[in-house]
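As structure tokens, the structure follows; a few thoughts come after it.
Protein chains: 4
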Amino acid sequence: MSPLSEEQLIKRRETQRQRIVEAALKVFAVRGLHGAKMSMIAEEAELSAGQLYRFFESKEELFITLIRQVAKETTMERINDLPGSPFDKLRSFTASILKEESAQYPFKLIQHANNAEDVPDEAKQLLQHFSVKRYIEQLLPLFEEGQQIGDFAQGNARKLISAFLTMLSALITLNMPIDDDHQLPDADMLMRIVAGPRFQDR
Amino acid sequence: MSPLSEEQLIKRRETQRQRIVEAALKVFAVRGLHGAKMSMIAEEAELSAGQLYRFFESKEELFITLIRQVAKETTMERINDLPGSPFDKLRSFTASILKEESAQYPFKLIQHANNAEDVPDEAKQLLQHFSVKRYIEQLLPLFEEGQQIGDFAQGNARKLISAFLTMLSALITLNMPIDDDHQLPDADMLMRIVAGPRFQDR
Amino acid sequence: MSPLSEEQLIKRRETQRQRIVEAALKVFAVRGLHGAKMSMIAEEAELSAGQLYRFFESKEELFITLIRQVAKETTMERINDLPGSPFDKLRSFTASILKEESAQYPFKLIQHANNAEDVPDEAKQLLQHFSVKRYIEQLLPLFEEGQQIGDFAQGNARKLISAFLTMLSALITLNMPIDDDHQLPDADMLMRIVAGPRFQDR
Amino acid sequence: MSPLSEEQLIKRRETQRQRIVEAALKVFAVRGLHGAKMSMIAEEAELSAGQLYRFFESKEELFITLIRQVAKETTMERINDLPGSPFDKLRSFTASILKEESAQYPFKLIQHANNAEDVPDEAKQLLQHFSVKRYIEQLLPLFEEGQQIGDFAQGNARKLISAFLTMLSALITLNMPIDDDHQLPDADMLMRIVAGPRFQDR
DNA sequence: CATGAATGAGGTTTCATTCAT
DNA sequence: GATGAATGAAACCTCATTCAT
Chain A
1 MSPLSEEQLI
11 KRRETQRQRI
21 VEAALKVFAV
31 RGLHGAKMSM
41 IAEEAELSAG
51 QLYRFFESKE
61 ELFITLIRQV
71 AKETTMERIN
81 DLPGSPFDKL
91 RSFTASILKE
101 ESAQYPFKLI
111 QHANNAEDVP
121 DEAKQLLQHF
131 SVKRYIEQLL
141 PLFEEGQQIG
151 DFAQGNARKL
161 ISAFLTMLSA
171 LITLNMPIDD
181 DHQLPDADML
191 MRIVAGPRFQ
201 DR
Chain B
1 MSPLSEEQLI
11 KRRETQRQRI
21 VEAALKVFAV
31 RGLHGAKMSM
41 IAEEAELSAG
51 QLYRFFESKE
61 ELFITLIRQV
71 AKETTMERIN
81 DLPGSPFDKL
91 RSFTASILKE
101 ESAQYPFKLI
111 QHANNAEDVP
121 DEAKQLLQHF
131 SVKRYIEQLL
141 PLFEEGQQIG
151 DFAQGNARKL
161 ISAFLTMLSA
171 LITLNMPIDD
181 DHQLPDADML
191 MRIVAGPRFQ
201 DR
Chain C
1 MSPLSEEQLI
11 KRRETQRQRI
21 VEAALKVFAV
31 RGLHGAKMSM
41 IAEEAELSAG
51 QLYRFFESKE
61 ELFITLIRQV
71 AKETTMERIN
81 DLPGSPFDKL
91 RSFTASILKE
101 ESAQYPFKLI
111 QHANNAEDVP
121 DEAKQLLQHF
131 SVKRYIEQLL
141 PLFEEGQQIG
151 DFAQGNARKL
161 ISAFLTMLSA
171 LITLNMPIDD
181 DHQLPDADML
191 MRIVAGPRFQ
201 DR
Chain D
1 MSPLSEEQLI
11 KRRETQRQRI
21 VEAALKVFAV
31 RGLHGAKMSM
41 IAEEAELSAG
51 QLYRFFESKE
61 ELFITLIRQV
71 AKETTMERIN
81 DLPGSPFDKL
91 RSFTASILKE
101 ESAQYPFKLI
111 QHANNAEDVP
121 DEAKQLLQHF
131 SVKRYIEQLL
141 PLFEEGQQIG
151 DFAQGNARKL
161 ISAFLTMLSA
171 LITLNMPIDD
181 DHQLPDADML
191 MRIVAGPRFQ
201 DR
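Chains as they are written, first to last, in the UniProt record's numbering: chain A, 1 to 202; chain B, 1 to 202; chain C, 1 to 202; chain D, 1 to 202.
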């Protein structure tokens, strides 16, 4: 009796939910928890504000859901598909993130969640610990290999990764418009954080 | 009849205005443009909400004024009073900023202003360009000296400072709680950005 | 081609309409005009929210229709089929209403309609006067017989019925959870309103 | 420095709070939890809707506060100041409540709280148990005296009071407009619930 | 026709700003 | 001048009603 098969409905619903999540990620990332208005998210997702509430009970729930998804799904694993040495992989990866706006949203979201005072602690800790921890584990083999062949600085690899990620995060969120006088430190500059002896003359 | 001379009144007024600006700096820095409430600023400045409007026409005007003042007055000059070599000075300076909360407010404010979309472009550009430019000029002699004695990396000194400041800003705003697994990169880690050959073995 | 004859269609439509009315009676009775949501009524009637509007133009029209139907159709006549004396009949009838939830809906609806200020006066008066009037007329022969044989209190029979109905209505809507300390006055307690000399020693 | 002394401010604030509570009692009593709009309460209390939130965090908190206050403060004790026998006192008391609209609000509120499905359980139980219990205890001496002198029906006095209160509550909330054909059962009718042998010929 | 997704008006709540005291 | 009470615009959220499928 239903005009659309149940399967179609579920699929459609899932598609829309995903559209909302993506729109919310973008708006929350750019404007923060308070600066983001539900109407903006609705507009970005191309539906009415009221519709959002069929998918998420409240703005806060939407935010936490987003956090949870970012914490769970954002991955560093595609770095392994890039060509070249560990150093090359990391530099390409870094450069690509710095170029591609949508890849920056998760980092910006983490940033906002860290600073906004009203974010539920659950979300904060989820993001800070869980997601950063995962990134570190995902990058660990690459870094260890880099250290073995002498391209990366020696020392505690996890700490090195943590430093690198913090700095990458910084570059993304600071988002300073580049002009002639003071360019953003670019991927190469960032690589000095991890560079071992072999790259010291750069 | 008047218990205070006109001069005293003006001075008193200026003192109060400054108290508001400092309170606003703290609250805006910590909570962002939207998260900061006028009542919070009033409380921090220890006066009534109504009083704020005798000094600033609106929240927005207060914010922009703040930005302007930060852009104009925040200084890096005290770095020169620190003891030791340029490298030592920079490391001490960095470490002290990372320890002292109030020193971090201007950096946080810049950060927020970059992300809040509602801030007039005037304010944004003021902050980003003008203030960073000033910091660079103030740090330039130190860096040039550091490069001459081989403690700092060679190359365009302004670009090097810019990179350093960006990274410092990052550390401040990311503000990640430190735990055993992923410590914040500390002052020493940050120094690798600027370190020349003499410090490469660190 | 048509799988159902026109007559069947009309009948089917009537059946559905009746299902809606019954569902609405239940939901409005339990939750009141404002507390009742169209979606709840739809769910109770086991059809979609949209379908409601093929039968009733609006929530308000549905409510008024309901009131009208209750005013017209709710009947006390089955009391006459009960066994025993008028007193016995009335007591059994009372007890059965107090036990059977669906029999209480009309009373609860009247109650709600009396308190909801947004209901058109038409509906209110319809319910209060007309339906109560009908109940009185339907109960009148029973009460007169009861008075003749001395089981019921003397005096204006209509007024006596009105009092009894009011009290019955009260018991139903108050709906206090029974515990050891304050039980609901039960059917027997209620009978004291109408009891004549013969029952005074109760 | 304050234009009003602190004492004045506190007193004024308390006055206003009381105005809100009274307005809310009236509006909630008449329209129920859902039917009552904050704007209506504000209008009744002669202030803006926004003001309500300086005194109560939300509509729900206002409602529960009200319930709590009614449960705590509504008293039956003034019945003892009335002249005459226990029977006379109870009849006068009943009649006065039935005449005086504001005296009926607590009863109506209890009624609404019992029926509205979304009221927090805390409020429901508070009202139903605690307040009814208190009324019973307050009326107990009067009823026991009435039973001793034979004016009141024998049996469990607490149960008798409970029945009486339920019926009184009913009369108040049913609130049927009186016309020639079916008057509300009046105070005298209600007294039959409690009347003992001495009054049986009424 | 039947569905339930979509809209938008209306209610709740917050807070920048004004203003009586 | 100073206060904080009061307002009202704007955001969040709900749900009666409509309408594409």
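Using N, Cα and C, we set each Cβ at its ideal position, and we do this for glycine too.
query	result
Taking three-plus beta-carbon pairs below 8 Å as touching, is the region 87–103 of chain B in contact with the region 42–51 of chain B?	no
If I'm right that Tyr-135/A touches Met-76/A with Cβ under 8 Å, what's the distance once you round it to whole angstroms?	5 Å
Around the Cβ of Asp-88/B, are there at least 16 other Cβ atoms within 10 angstroms (buried) or fewer (exposed)?	exposed
Over the uninterrupted alpha helix (DSSP H) stretch that includes His-112/A, give me the two end residues.	101–115
Do you know how far the Cα of Ala-23/A is from the Cα of Ile-79/B?	44 Å
Along chain D, which residues have their Cβ under 9 Å away from the Cβ of Val-30/C?	Asn-115 and Glu-117
Evaluate Ser-58/D with the Cβ neighbour count: other Cβ atoms within 10 Å of its Cβ, from every protein chain shown; 16 or more gives buried, anything less gives exposed.	exposed
Nearest-angstrom Cα distance between Leu-190/B and Asp-121/D?	57 Å
Which residues mark the beginning and the end of the alpha helix (DSSP H) in which Ile-10/B is found?	6–35
Who does Ala-195/B pair with in a DSSP beta bridge?	Phe-152/B
Anyone know if the C-beta pair for Leu-109/A and Phe-28/A falls short of 7 Å?	yes
For Phe-55/C, which option in Asp-151/C, Ile-10/C, Ala-113/C and Ala-71/C has the closest C-alpha, if you only look at C-alpha atoms?	Ile-10/C
Going along the chain, which residues of the region 142–169 of chain C sit with their C-beta nearer than 7 Å to a C-beta in chain D?	Arg-158, Lys-159, Ser-162, Ala-163, Thr-166, Met-167 and Ser-169
Along chain C, which residues have their Cβ under 9 Å away from the Cβ of Gly-35/D?	Gly-32, Leu-33, His-34, Gly-35, Asn-115, Ala-116, Glu-117 and Asp-118
When the Cα atoms are used, what is the spatial distance from Lys-159/A to Glu-144/A?	12 Å
Would Arg-91/D count as contacting chain C if we go by Cβ distances under 7 Å?	no
Using the rule of at least 16 other Cβ atoms within 10 Å of the residue's Cβ for burial, across every protein chain shown, is Ser-169/D buried or exposed?	buried
Compute the Euclidean distance between the alpha carbons of Ile-20/B and Lys-37/B, then round it to the nearest angstrom.	13 Å
Looking at the C-beta of Arg-192/A, does it have a partner C-beta in chain B at a distance below 7 Å?	yes
Listing by chain order, which chain A residues have their CB less than 8 Å from the CB of Met-189/B?	Ala-163 and Ile-193
Span of the alpha helix (DSSP H) holding residue 286/D?	With chain D covering 1 to 202 only, the question about residue 286/D has no answer from this structure.
Run the CB neighbour count on Asn-156/B, radius 10 Å, all protein chains shown included, and call it buried at 16 or more, exposed below.	exposed
Under the assumption that Asp-151/A contacts Ser-85/A (Cβ atoms under 8 Å), give the Cβ distance between them as a whole number of angstroms.	6 Å
Of the residues Glu-46/D, Gly-35/D and Arg-68/D, which one's Cα is nearest the Cα of Thr-15/D?	Glu-46/D
Tell me where the alpha helix (DSSP H) around Phe-121/B begins and ends.	Per the sequence shown, the amino acid found at residue 121/B is Asp instead of Phe. It spans 121–125 - the alpha helix (DSSP H) in which Asp-121/B sits, taken as one unbroken run.
Within the same chain, show all residues whose beta-carbon is closer than 7 Å to that of Thr-74/B, passing over the 5 residues directly before and after it, in chain order.	Pro-106 and Ser-131
Can you grab the Cα-Cα spacing for the pair Ile-97/C / Ile-161/C, in whole Å?	16 Å
Helix, strand or coil for Leu-47/A, going by three-state DSSP, please let me know.	coil
Would you verify that the beta carbon of Arg-202/C is, or is not, closer than 7 Å to some beta carbon of chain D?	Unreliable positioning characterises Arg-202/C in this predicted model, as indicated by a pLDDT of 43, which lies under 50. The coordinate reading is nonetheless provided below. Judged by the 7 Å Cβ criterion, Arg-202/C is not in contact with chain D.
Assign Leu-139/D to one of two classes, buried (16 or more other C-beta atoms within 10 Å of its C-beta) or exposed (fewer than that).	buried
Return the CA-CA distance between Leu-25/C and Ser-102/C, expressed in angstroms with no decimal places.	9 Å
Can you say whether Ile-149/B is buried or exposed, counting buried as having 16 or more other CB atoms within 10 angstroms of its CB?	exposed
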